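For reference, the structure is listed below as structure tokens.
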Amino acid sequence: MFDKFTGFIAAAAITATAVFAVAPAQADDLEKIKAAGELKIAMSGQYPPFNFVNEKNEVVGFDASIGSAIAERMQLKPQLITTAWDGIVAGLRAGKFDTVVGSMTITPEREKAVDFVGPYYHAGRAVFVKEDSAVQKLDDLKDKTLGVTLGETHEKWAREQGGWSIRTYKGLPELMLELNAGRVDAMPSSSTTSRSWWRSRKPDRRSAGSIRLISKAAVLRSASPSARTIQS
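Last residue of the sequence shown: 313 (my numbering), numbering continuous.
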């Protein structure tokens, strides 16, 4: 599936390089990064097929390809770092890595803390259940248990909706296992991510309803007290 995103990889690399060049704070960061000779790129490693750790213990996926392409365009060595999603913004602000390329959804709350570069793709949010579930629509989930990844916008959405119990998990692979085992009744996720990953494994899961379009972007430390979204 990654071949179809080749153009997006190139566009994201061009955009990110341009952002470093025009924002004063990021220009300072760029000089430090160039001196180090590498670009430290963070992601959860728990969001297949966009970023995950394969059987060779390598961080791979669409986000990993985007991040590596950005580094190569900047003539830097990519260093892919996996970290817990619920602390990834704090880690970026603390300087533990240079950028986040991990399918982060653009939200007003996050825009107050970081600068977004992109979006580099869009995806719909959907709620998934097992194929044999009695749930046919979102209203059927009342008093059921939803599983979510801690710190994701899907968790925020689930808590805002209410009407169900919520369990939090570290990432999508663990969440899928919990759904399959019946310990949660449903899980909200990016429709692109879940459908493509599950299709490759022929599981018995289906969507119980789509919700809305969400935009995914790369992330930099804020260049000013008031962060902004930079459209490519």
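For each residue, glycine too, the CB sits at the ideal point set by N, CA and C.
Everything numeric in this text was worked out from a predicted model, so none of it was measured.
Going by beta carbon distance, what residues of the same chain come within less than 7 Å of residue i, once the five residues before and after it are set aside?
i	result
Lys121	Gln160, Ile162, Phe178 and Asp179
Thr226	Trp245, Ser246, Arg248, Val265 and Asp266
Which residues in the same chain have their Cβ closer than 6 Å to the Cβ of residue i, if we skip the five residues on either side of it in sequence?
i	result
Arg240	none
Ala165	none
Gln156	none
Nearest to residue i by alpha carbon, out of the options?
i	options	result
Ala117	Asp144, Ala152 and Phe143	Ala152
Glu136	Phe143, Asp144 and Gly126	Gly126
Thr249	Leu222, Thr186 and His235	His235
Ala267	Thr230, Asn138 and Lys297	Thr230
Arg154	Lys115, Gln242, Lys225 and Gly176	Lys115
Gln242	Val216, Val140 and Lys223	Lys223
Val170	Trp238, Glu233, Leu253 and Tyr201	Glu233
Ala150	Val134, Tyr201 and Gly168	Tyr201
Asp167	Lys113, Asp109 and Ala123	Ala123
Lys237	Glu139, Lys113, Val140 and Thr186	Thr186
Asp109	Lys193, Asp221, Leu260 and Gly176	Gly176
Where does residue i land, buried or exposed, given buried means 16+ other C-beta within 10 angstroms?
i	result
Asp144	buried
Thr188	exposed
Gly142	buried
Leu256	buried
Leu258	exposed
Ser246	exposed
Ala262	exposed
Lys283	At Lys283, the pLDDT of 49 sits below 50, so the modelled position is not reliable and the matter cannot be decided from this model.
Pro306	Low per-residue confidence applies at Pro306: pLDDT is 32, beneath 50, and the placement is therefore not dependable, though the value from the model is reported in the following sentence. Result: exposed.
So, under 8 Å CB-CB, residue i and residue j are touching, yes? Tell me the CB distance rounded to an integer number of Å.
i	j	result
Ser316	Asn132	There is no way to answer for residue 316, as the model of the chain reaches only from 82 to 313.
Ser271	Arg206	7 Å
Lys158	Glu119	4 Å
Val181	Leu173	6 Å
Val198	Gly228	That pair is no contact at about 30 Å.
Does any heavy atom of the ligand MG sit closer than 7 Å to the C-beta of residue i?
i	result
Asp220	Absent from the structure shown: the ligand MG. Ligands present: none.
Just to confirm my understanding: we take residue i, look at its own chain, exclude 5 residues before and 5 after, and list those with CB closer than 8 Å. What are they?
i	result
Gly252	Ser125, Gly126, Gln127, Tyr128, Trp166 and Thr230
Pro254	Gln127, Pro129 and Phe133
In chain order, which continuous runs of the beta strand (DSSP E) of length 3 or greater are located wholly inside the region 202 to 288?
-> 226 to 230, 246 to 250 and 268 to 271
Whole runs of the beta strand (DSSP E) within the region 111 to 175, excluding any shorter than 3 residues = Fully enclosed beta strand (DSSP E) runs of 3 or longer: 119 to 124, 132 to 134 and 158 to 163.
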